[in-house]
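*Asks:* This structure is in structure tokens; I'll ask about it shortly.
Number of protein chains: 2
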Amino acid sequence: MTAPRTARERVRAELTREIKDEARRQLAEVGAHGLSLRAVSRELGMVSSALYRYFPSRDHLLTALIVDAYNSVGEAAEQADPGTGDPRSRWRKIWHATRDWAKTHPHEYALIFGSPIPGYQAPRDTVGPAARLPMALVAVLRDADPDEPAVTAPMSAELRKQARSLSELLELDAPVEIVTRAVGAWTHLYGTISFEVFGQYVGSFEPADAYFEHLIGQMADFVGL
Amino acid sequence: MTAPRTARERVRAELTREIKDEARRQLAEVGAHGLSLRAVSRELGMVSSALYRYFPSRDHLLTALIVDAYNSVGEAAEQADPGTGDPRSRWRKIWHATRDWAKTHPHEYALIFGSPIPGYQAPRDTVGPAARLPMALVAVLRDADPDEPAVTAPMSAELRKQARSLSELLELDAPVEIVTRAVGAWTHLYGTISFEVFGQYVGSFEPADAYFEHLIGQMADFVGL
DNA sequence: TTCAGTCAAGAGCACTGCTCTCTGTTTTGC
DNA sequence: GCAAAACAGAGAGCAGTGCTCTTGACTGAA
């Protein structure tokens with residue numbers, strides 16, 4: 001993202017943003033599947049072919065929206081984390097921020113955490129932004145430095161190996177039990193938010209506020225915060 | 001599903017099945033989004049408009065596939081459960097069957113557990129088949145009759161109320177703590193399978209066999225089996 | 001002032017879901 | 001046993017899609 005120098009570059013950056021904004025608006029209305037380049041261009045008062053000057057294909061536009069969504073939820077998580085203080089409280093704040101983001105941006109949530117779009121291959125540009133949210137959680141864990149749990153289910157040699165290499169990758173100086181539990185917590189909360197956003201809790205824990213609050217505490221215990 | 005009486009009804013049932021089979025084949029190749037009525041009819045050697053005699057719209061065909069998918073995974077779970085014996089072993093078998101089904105039918109899994117299709121409203125016909133898998137798990141819990149856990153995170157009054165009414169709905173004579181944990185286990189394992197099928201574990205716990213095995217045990221402990 | 005680079009526009013291709021009409025066939029009621 | 005009704009497939013057509021290619025206008029730097 002370099003600053004635009006010429007007037008031309010400035011209007012180009014402006015229009016690129018407008019296209020994404022309009023696409024996001026449509027995403028919220030008709031979903032990724034219904035997103036139409038022609039409809040976007042129509043709304044912006046331009047002809048559809050002109051849009052290809054900015055995004056070479058529908059997939060490229062989708063990728064831009066995906067990157068924005070990852071950054072958006074990542075930023076929400078980062079901003080919710082005070083960075084210091086009681087780890088349990090930090091953990092709680094990050095999770096609430098994530099859920100709130102998911103509930104206010106259900107279609108963008110579905111875009112990044114829902115079923116993969118067939119034939120669409122996420123390019124490398126997405127991995128950086130995608131890591132921001134999990135990294136915010138890892139930071140809390142790293143600062144808290146939880147002890148190995150007293151009671152834990154047995155872990156196979158294969159699982160220990162995977163957990164160890166993941167621990168090294170994240171520079172998380174924690175026992176394999178904790179790393180495994182952290183993945184578990186992340187998976188569990190992903191499942192919970194997805195169930196809620198995708199409407200699978202209908203008829204049981206709906207509204208899910210009370211359950212979510214309960215679960216955050218349980219997961220904090222689980223990873224030893 | 002009544003037995004076809006006339007010859008016409010027989011070929012109609014036959015062709016309906018063929019349409020669904022071909023649609024399922026395409027689903028695996030191009031996903032729900034790419035499923036095309038014209039392509040299906042073309043493959044079957046008929047004209048696209050003829051297909052509307054069997055399914056009044058694309059959505060109706062999709063609904064039929066969704067119902068079939070729910071029944072398929074539900075049946076897999078039911079058949080994996082011996083119905084008697086060690087509850088922990090039954091629990092384990094059902095979960096493995098579910099994961100295996102998801103891995104062999106990723107697109108059908110995405111269809112029923114992935115992001116909702118915008119504009120598509122699941123009709124009543126789906127709720128029965130959709131309940132089969134969770135019901136298989138409830139059956140194990142009902143037979144095992146687990147005790148209230150000694151240590152548990154505090155539950156709010158609101159959550160207790162929701163858990164109690166869910167318990168009554170499922171005719172599960174268990175303490176609210178257990179019901180809540182059962183929902184938690186179901187959510188957690190849904191999250192795990194989704195992460196795996198949707199490719200979010202890439203670079204961490206992949207292959208996920210060892211982790212899944214570990215998690216099943218952990219979840220069995222969690223719900224008190 | 002020239003002129004390459006950039007832009008929007010328009011026509012057009014191959015595809016989609018879906019509707020309507022037409023013709024032929026099968027089942028049903030008398 | 002036969003006519004009426006129900007059903008089946010074919011074909012044309014509508015409005016929409018992503019995407020490509022060409023054309024003519026505009027811009028900014030040499």
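Chains G and H, in that order, give the protein sequences. If you read the first sequence in full-length UniProt numbering, its first letter stands for residue 1, the second for the next number, and so on. If you read the second sequence in full-length UniProt numbering, its first letter stands for residue 1, the second for the next number, and so on. For glycine and all other residues, C-beta sits at the position ideal for the given N, C-alpha and C. Since this is a predicted model, take the numbers as computed values, not measurements.
Going along the UniProt domain "HTH tetR-type" (13 to 73) of chain G in order, which residues come within less than 7 Å of chain H, judged by CB to CB distance?
*Replies:* Val30, Gly31, His33 and Gly34
*Asks:* I need the straight-line Cα distance from H:Lys93 to H:Gly74, nearest angstrom please.
*Replies:* Indexing the second sequence from 1 puts residue 93 of chain H at position 93. Indexing the second sequence from 1 puts residue 74 of chain H at position 74. Distance between the alpha carbons of H:Lys93 and H:Gly74: 13 Å.
*Asks:* CA-CA distance, G:His96 and G:Phe195?
*Replies:* As a working note, residue 96 of chain G is residue 96 in the first sequence. As a working note, residue 195 of chain G is residue 195 in the first sequence. Looking at the backbone, the Cα of G:His96 and that of G:Phe195 are separated by about 15 Å.
*Asks:* Starting from H:Asp168, find everything on chain G with Cβ-Cβ shorter than 7 Å and list it in chain order.
*Replies:* To locate residue 168 of chain H, count along the second sequence from 1; it is residue 168. The sequence shown places Glu at residue 168 of chain H, not Asp. Simply none; closest approach about 12 Å.
*Asks:* Which residues in chain G sit within 8 Å of H:Met135, going by Cβ to Cβ distance?
*Replies:* Taking the second sequence and counting its residues from 1, one reaches residue 135 of chain H at position 135. Those do not exist, as H:Met135 stays about 13 Å from chain G at its closest Cβ, beyond 8 Å.
*Asks:* Is the distance from the Cβ of G:Thr126 to the Cβ of G:Met155 below 8 Å?
*Replies:* Numbered from its first residue, the first sequence carries residue 126 of chain G at position 126. Numbered from its first residue, the first sequence carries residue 155 of chain G at position 155. In this structure, G:Met155 does not lie closer than 8 Å to G:Thr126 by Cβ.
*Asks:* Taking the CB atoms as reference points, tell me whether G:Glu78 and G:Arg132 lie closer together than 8 Å.
*Replies:* The residue given as residue 78 of chain G occupies position 78 in the first sequence. The residue given as residue 132 of chain G occupies position 132 in the first sequence. It is a contact, given that the beta carbons lie within the stated cut-off.
*Asks:* Under a CB-based cut-off of 8 Å, is G:Ser89 close to chain H?
*Replies:* The residue labelled residue 89 of chain G in the question sits at position 89 within the first sequence. Taking Cβ atoms only, chain H never reaches closer than 8 Å to G:Ser89, which makes this a no.
*Asks:* Between G:Ile117 and chain H, is any beta-carbon pair separated by less than 8 Å?
*Replies:* Within the first sequence, residue 117 of chain G is the residue found at index 117, counting from 1. At least one chain H Cβ lies under 8 Å of G:Ile117.
*Asks:* State the start and end residues of the unbroken alpha helix (DSSP H) segment that holds H:Ser165.
*Replies:* Here residue 165 of chain H is taken as the residue at index 165 of the second sequence, counted from 1. Here the alpha helix (DSSP H) through H:Ser165 covers Ala157 to Leu169.
*Asks:* Any idea what DSSP makes of H:Arg5, helix, strand or coil?
*Replies:* Start at 1 with the first residue of the second sequence, and residue 5 of chain H comes out as number 5. The answer is coil: DSSP assigns H:Arg5 none of H, G, I, E or B.
*Asks:* Going by beta carbon distance, what residues of the same chain come within less than 6 Å of G:Glu9, once the five residues before and after it are set aside?
*Replies:* Taking the first sequence and counting its residues from 1, the one referred to as residue 9 of chain G is at position 9. The answer is none, since no qualifying residue turns up.
*Asks:* Considering just the uninterrupted stretch of the alpha helix (DSSP H) at H:Val179, what are its terminal residues?
*Replies:* Indexing the second sequence from 1 puts residue 179 of chain H at position 179. Start and end: Val176 to Val197.
*Asks:* For the candidate residues G:Phe222, G:Ile216 and G:Gly217, whose alpha-carbon lies nearest to that of H:Gln218?
*Replies:* Taking the first residue of the second sequence as 1, we reach residue 218 of chain H at position 218. Looking at the Cα atoms, G:Phe222 is the closest of the given residues.
*Asks:* Is there at least one Cβ from chain H nearer than 8 Å to G:Leu159's Cβ?
*Replies:* Mapped onto the first sequence, residue 159 of chain G falls at position 159. It does; some Cβ of chain H falls within 8 Å.
*Asks:* Among the residues of its own chain, which have a CB less than 7 Å from the CB of G:Val40, if the five just before and after it don't count?
*Replies:* Residue mapping note: residue 40 of chain G aligns to position 40 of the first sequence, counting from 1. Correct list, in chain order: Ile19, Glu22, Ala23, Gln26 and Leu51.
*Asks:* With H, G and I counted as helix, E and B as strand and the rest as coil, what does DSSP make of G:Ala150?
*Replies:* To locate residue 150 of chain G, count along the first sequence from 1; it is residue 150. The answer is coil: DSSP assigns G:Ala150 none of H, G, I, E or B.
*Asks:* How would you list, in chain order, the residues of chain H whose beta-carbon sits under 9 Å from the beta-carbon of G:Ala139?
*Replies:* The residue you call residue 139 of chain G lines up with position 139 of the first sequence. The contacting residues do not exist; G:Ala139 stays about 17 Å from chain H at best.
*Asks:* In terms of residue numbering, what span does the alpha helix (DSSP H) encompassing H:Glu206 cover?
*Replies:* The residue given as residue 206 of chain H occupies position 206 in the second sequence. From DSSP, H:Glu206 is part of no alpha helix (DSSP H); its letter is neither H nor E.
*Asks:* Output needed in chain order: residues of the stretch 121 to 133 of chain G with a Cβ under 7 Å from some Cβ in chain H.
*Replies:* Cβ contacts with chain H: none found.
*Asks:* What would DSSP say about H:Pro82, mapped onto helix, strand or coil?
*Replies:* What you label residue 82 of chain H is simply residue 82 of the second sequence in a count that begins at 1. Here H:Pro82 sits in coil by DSSP.
*Asks:* Which residues in chain G have a C-beta closer than 8 Å to the C-beta of H:Ala110? List them in chain order.
*Replies:* In the second sequence, counting from the first residue as 1, residue 110 of chain H sits at position 110. What H:Ala110 touches in chain G: Ser115 and Pro116.
*Asks:* Reducing DSSP to helix, strand and coil, say where H:Arg53 ends up.
*Replies:* Walking along the second sequence from the start, residue 53 of chain H turns up at place 53. It is coil, neither helix nor strand.
*Asks:* What whole-angstrom Cβ distance do H:Pro129 and H:Tyr70 have, given they're in contact under 8 Å?
*Replies:* Stepping through the second sequence from its first residue, residue 129 of chain H is reached at position 129. Stepping through the second sequence from its first residue, residue 70 of chain H is reached at position 70. Indeed they touch by this definition, with Cβ atoms about 4 Å apart.
*Asks:* I'd like to check one pair, G:Gly224 with G:Ile193: are the Cβ atoms closer than 8 Å?
*Replies:* By 1-based counting over the first sequence, the position of residue 193 of chain G is 193. By 1-based counting over the first sequence, the position of residue 224 of chain G is 224. Not closer than 8 Å, so no.
*Asks:* Hey, quick one: how far does the alpha helix (DSSP H) through H:Gly128 stretch, first residue to last?
*Replies:* By 1-based counting over the second sequence, the position of residue 128 of chain H is 128. Residues Val127 to Ala144.
*Asks:* How do the stretch 198 to 214 of chain H and the stretch 155 to 165 of chain H stand: do at least 3 beta-carbon pairs fall below 8 Å, yes or no?
*Replies:* no
*Asks:* Output yes if chain H places a C-beta closer than 8 Å to the C-beta of residue 234 of chain G; else output no.
*Replies:* Residue numbering for chain G in the displayed model covers 1 to 225; residue 234 of chain G lies beyond these limits and cannot be assessed.
*Asks:* Find the nearest neighbour of G:Asp145 within the set G:Tyr120, G:Glu168 and G:Leu172, judged by alpha-carbon distance.
*Replies:* As a position in the first sequence, residue 145 of chain G is number 145, starting the count at 1. When each option's Cα is compared against that of G:Asp145, the closest is G:Leu172.
*Asks:* In whole angstroms, give me the CA-to-CA distance for H:Ser211 and G:Asp81.
*Replies:* Translated into positions along the second sequence, residue 211 of chain H becomes position 211. Translated into positions along the first sequence, residue 81 of chain G becomes position 81. In the sequence as presented, Ser is not what sits at residue 211 of chain H; that position holds Tyr. Take the alpha-carbon of H:Tyr211 and the one of G:Asp81: they are about 29 Å apart.
*Asks:* From H:Thr98, H:Pro175 and H:Val140, pick the residue whose C-alpha is nearest to that of residue 313 of chain H; which is it?
*Replies:* In the structure displayed, chain H extends from 1 to 225; residue 313 of chain H sits before or after that span and is not available.
*Asks:* Would you kindly work out how many angstroms separate the C-alpha atoms of H:Ser165 and G:Leu189, rounded to a whole number?
*Replies:* Sequence index remark: in the second sequence, residue 165 of chain H carries index 165 (1-based). Sequence index remark: in the first sequence, residue 189 of chain G carries index 189 (1-based). Those two C-alpha atoms are separated by around 23 Å.
*Asks:* Report the three-state DSSP secondary structure of G:Ile19 (helix, strand or coil).
*Replies:* Counting from one through the first sequence, the residue named residue 19 of chain G turns up at place 19. If DSSP states are grouped into helix, strand and coil, G:Ile19 belongs with the helices.
*Asks:* Taking the straight line between their C-alpha atoms, what separation do you get for G:Thr6 and G:Thr63?
*Replies:* In the first sequence, the residue the question calls residue 6 of chain G occupies position 6. In the first sequence, the residue the question calls residue 63 of chain G occupies position 63. For G:Thr6 and G:Thr63, the distance between alpha carbons rounds to 26 Å.
*Asks:* Beta-carbon within less than 7 Å of G:Phe113's beta-carbon, same chain only, minus the 5 sequence neighbours each way: which residues are those?
*Replies:* Your numbering for residue 113 of chain G matches position 113 in the first sequence. Excluding sequence neighbours, G:Phe113 sits near Tyr190 and Ser194.
*Asks:* Are the CB atoms of G:Ala32 and G:Leu111 nearer to each other than 8 Å?
*Replies:* Counting from 1 along the first sequence, the entry for residue 32 of chain G is found at position 32. Counting from 1 along the first sequence, the entry for residue 111 of chain G is found at position 111. Closer than 8 Å, so yes.
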